[in-house]
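Going left to right, the sequence shown walks through residues 39 to 442 as the working numbering numbers them. Here a beta-carbon is modelled for each residue, glycine too, at the ideal position from N, C-alpha and C. Working notes for the structure below.
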Amino acid sequence: MTVGNRRTRFQLDYVTVVLMYLLAGASVLVLANASRPWAPTADPTYFVKRQMIWLLLGTVVLVVAAWVDYEKFKKISPYIYWAAVGLLGIVLVHGSSALGAQRWIQLGPFQLQPSEIAKVAIVITLATHLDKKKSLRRWRDMVSPLVHVGIPMLMILKQPDLGTTLVFAAITIGMLYMAGLPPLKMLVFPLGLGLIIFWIYLHYRYGVKIPIMHTYQLNRITAFINPNKDPLGNGYNVIQSRIDIGTGGLTGAGLAGAHANLFSFLPESYTDFIYAAIGEQLGFVGSMAILFTYLVLIARAVYISIQAKDRFGTLLAAGVASMFAFHVIESAGMAAGIMPVAGVPLPFMSYGGSAVLADSAAIGILLNVYGRRKVQGYKPSVAQTAPVVYSNQFAEQDILGGQP
39 MTVGNRRTRF QLDYVTVVLM YLLAGASVLV LANASRPWAP TADPTYFVKR
89 QMIWLLLGTV VLVVAAWVDY EKFKKISPYI YWAAVGLLGI VLVHGSSALG
139 AQRWIQLGPF QLQPSEIAKV AIVITLATHL DKKKSLRRWR DMVSPLVHVG
189 IPMLMILKQP DLGTTLVFAA ITIGMLYMAG LPPLKMLVFP LGLGLIIFWI
239 YLHYRYGVKI PIMHTYQLNR ITAFINPNKD PLGNGYNVIQ SRIDIGTGGL
289 TGAGLAGAHA NLFSFLPESY TDFIYAAIGE QLGFVGSMAI LFTYLVLIAR
339 AVYISIQAKD RFGTLLAAGV ASMFAFHVIE SAGMAAGIMP VAGVPLPFMS
389 YGGSAVLADS AAIGILLNVY GRRKVQGYKP SVAQTAPVVY SNQFAEQDIL
439 GGQP
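Written out as structure tokens, the structure is:
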């Protein structure tokens with residue numbers, strides 16, 4: 039690959055790779071105990087073995103996502119977008135159902151969750167879309183990016199899958215910010231969140247209907263506010279999750295000594311509520327160590343975004359950083375009882391093949407952007423180290439007819 043007649047040299051980001059496999063290794067150890075009661079066969083390591091298979095496949099996905107020059111993503115972006123939308127459409131028509139949601143496509147002995155794959159697809163395609171935008175200063179400039187994301191979001195919400203829908207929102211906000219959306223327009227998103235919360239209040243207080251969701255779904259989401267109101271129903275998982283985390287104490291019961299999961303008190307302890315199992319087995323110290331690892335990984339993604347050699351790379355890395363940040367905050371917060379129960383997996387920790395593949399692809403994108411971030415003998419300018427300012431300056435110069 040050449041840029042300005044100077045060749046780039048791919049450089050592997052060992053820090054990101056080590057962080058990913060630290061989390062993956064911790065996942066295998068925690069799952070060994072957390073998933074044991076739920077193994078569908080006589081083999082108690084059933085889920086652990088499958089998780090290791092997914093991690094191996096994820097490594098292949100990571101290598102491909104890192105190796106192919108990310109500039110080529112632009113050319114295939116339309117195909118990626120419509121393939122993701124197509125898979126989401128298949129789910130709505132012929133998808134498999136579980137726990138009241140229709141989210142999976144059955145592929146022999148495995149299940150594919152297209153909404154997980156769509157998260158990475160939207161990072162790539164929205165980055166391509168925003169990279170072509172000259173400006174985001176006018177309100178109408180926001181229409182096409184929001185429509186671009188809104189189509190798959192509504193399809194995912196229809197499943198229903200509120201958690202992944204919120205992940206899409208987080209990705210969109212993070213990428214719009216890095217694309218140069220003015221701060222005043224960024225206020226639209228917290229105002230929108232406030233409106234949704236107020237609408238939910240009106241629903242419970244005065245019976246105002248919410249067309250896209252049923253009351254039982256809202257009850258499940260809002261159970262964290264007062265789980266004791268329905269301790270054997272919607273509040274059960276939140277209560278048991280808190281108990282598991284509290285049982286771990288300072289240093290935990292150990293990878294083989296946790297007892298609550300052993301007696302199957304928390305059904306989702308190896309998937310969405312894996313952080314509760316982490317708290318029980320590794321205690322406060324281990325839980326904080328896991329969160330610190332995520333913090334470093336997300337900070338690394340932000341660093342890669344800032345150091346990217348072009349705006350497209352900045353947007354790709356920013357989308358991945360936003361995705362991981364929301365996953366960690368929501369998943370850990372949900373288990374601790376301070377966030378809504380939205381069913382968001384903890385990256386590389388929760389059991390699930392589709393999530394592992396999607397997260398591995400996201401790490402591959404980070405490695406791709408990092409590996410091509412510099413040209414030999416070239417230092418990033420202020421433009422690359424301040425992408426928000428850069429994008430706005432670029433837009434102004436283009437509008438005035440100048441050269442960016």
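*Where are the alpha helix (DSSP H) runs, 4 residues long or more, that stay fully inside the stretch 334–410, in chain order?*
Fully enclosed alpha helix (DSSP H) runs of no fewer than 4 residues occupy 349–374, 391–409 of the stretch 334–410, in order along the chain.
*Tell me whether G273 is buried or exposed, calling it buried when 16 or more other Cβ atoms sit within 10 Å of its Cβ.*
Taking a 10 Å sphere around the C-beta of G273, we find 16 or more other C-beta atoms and assign the residue as buried.
*Would you say S360 and G188 are within 8 angstroms of each other, going by their C-beta atoms?*
No Cβ-Cβ contact shorter than 8 angstroms links S360 with G188.
*Rounded to whole angstroms, how far is the Cβ of T54 from the Cβ of F111, which I believe are closer than 8 angstroms?*
About 19 angstroms separates the two Cβ atoms, so there is no contact after all.
*L184 versus M90: straight-line alpha-carbon distance, rounded*: If I take the Cα positions, the gap works out to 37 angstroms.
*Taking all protein chains shown into account, decide if S419 is buried (16 or more other Cβ within 10 angstroms of its Cβ) or exposed.*
Reliability of the predicted coordinates at S419 is poor, the pLDDT of 37 falling under 50, and no value is obtained from them.
*Give the straight-line distance between the Cα atoms of V129 and Q144, rounded to the nearest whole angstrom.*
Going by C-alpha positions, V129 is about 10 angstroms away from Q144.
*asked:* Below 8 angstroms, how does it come out for the stretch 396–403 and the stretch 234–243: are there three or more Cβ pairs, yes or no?
replied: When C-beta atoms of the stretch 396–403 are compared with those of the stretch 234–243, fewer than three pairs fall below 8 angstroms, so the two segments do not count as touching.
*For G85, which three-state DSSP category applies?*
The amino acid at residue 85 is misidentified as Gly; the sequence shows Phe. Helix, per DSSP.
*Do Y408 and D51 have their C-beta atoms within less than 8 angstroms of each other?*
Yes.
_Q280, DSSP secondary structure in three states_ = Looking at the sequence itself, residue 280 is Arg, so the reference to Gln does not match. If DSSP states are grouped into helix, strand and coil, R280 belongs with the helices.
*By how many angstroms is the C-alpha of G284 removed from the C-alpha of Y108?*
Near 44 angstroms, if we compare the C-alpha coordinates of G284 and Y108.
_Start and end residues, beta strand (DSSP E) containing F148_ = Run containing F148: 148–150, per the beta strand (DSSP E) assignment.
*Return helix, strand or coil for D51, following the three-state DSSP convention.*
Residue state, collapsed to three classes: coil.
*What's the gap between the Cα of V276 and the Cα of L67?*
The C-alpha of V276 lies about 23 angstroms from the C-alpha of L67.
*Which of helix, strand or coil DSSP assigns to I238*: I238 falls in the helix class under three-state DSSP.
_Three-state class that DSSP yields for I143 in the structure shown_ = Looking at I143 - three-state DSSP - the assignment turns out to be strand.
*asked:* Can you tell me which residues form a DSSP beta bridge with S182?
replied: Bridge partners of S182: none, in fact.
*Helix, strand or coil: which one does DSSP assign to S134?*
Three-state DSSP puts S134 in a strand.
*Between the stretch 338–355 and the stretch 117–129, are three or more C-beta pairs nearer than 8 angstroms?*
Here the stretch 338–355 makes no contact with the stretch 117–129; the two share fewer than three CB pairs at distances below 8 angstroms.
*Simplified DSSP state of D169, which is helix, strand or coil*: In the structure shown, the three-state DSSP call for D169 is helix.
*In the DSSP assignment, find the alpha helix (DSSP H) that holds F206 and state where it starts and stops.*
Counting along the chain, the alpha helix (DSSP H) containing F206 begins and ends at 200–217.
*CB of L384 within 8 angstroms of CB of H365, strictly*: Yes, the pair counts as a contact, with Cβ atoms nearer than the cut-off.
*Can you tell me which of the three DSSP states A156 falls into?*
DSSP places A156 in helix when its eight states are reduced to three.
*asked:* Could you compute how far the alpha carbon of R258 sits from the alpha carbon of L200?
replied: Roughly 11 angstroms separates the two Cα atoms.
*How many Å lie between F322 and A291 at the Cα?*
One C-alpha to the other measures close to 11 angstroms.
*Grab me the residues of A363's own chain with a C-beta within less than 8 angstroms of its C-beta, minus the 5 sequence neighbours each way, in chain order.*
Excluding residues within five positions, the ones whose Cβ falls inside 8 angstroms are A208, G212, I336.
*Exposure of Q197, with buried meaning 16 or more beta-carbon neighbours within 10 Å*: It is buried - the Cβ of Q197 has at least 16 other Cβ atoms within 10 Å.
_Rounded C-alpha distance that separates Q38 from I376_ = Not covered by the structure: residue 38. The range shown for the chain is 39 to 442.
_Between G381 and D310, how many whole angstroms is the CB-CB distance? I'm expecting something under 8 angstroms._
5 angstroms between Cβ atoms; contact.
_With 16 other Cβ atoms within 10 Å as the buried cut-off, status of N266_ = Its Cβ having fewer than 16 others within 10 Å, N266 is exposed.
*Mind checking V56: buried by the 16 CB within 10 Å criterion, or exposed?*
V56 comes out exposed.
*To the nearest angstrom, report how far apart A346 and I162 are at their CA atoms.*
Counting only the Cα atoms, I162 lies some 15 angstroms from A346.
*Would you mind stating whether S153 and I194 have Cβ atoms separated by less than 8 angstroms?*
Yes. Within cutoff.
*Please determine, among L270, M224, Y308, the residue with the shortest C-alpha to C-alpha distance to Q176.*
Note that residue 176 corresponds to Arg in the displayed sequence, not to Gln. It is M224 whose Cα lies nearest to the Cα of R176.
*Pick out whichever of V340, G391, A370 has its Cα sitting closest to the Cα of G357.*
Answer by Cα proximity: V340.
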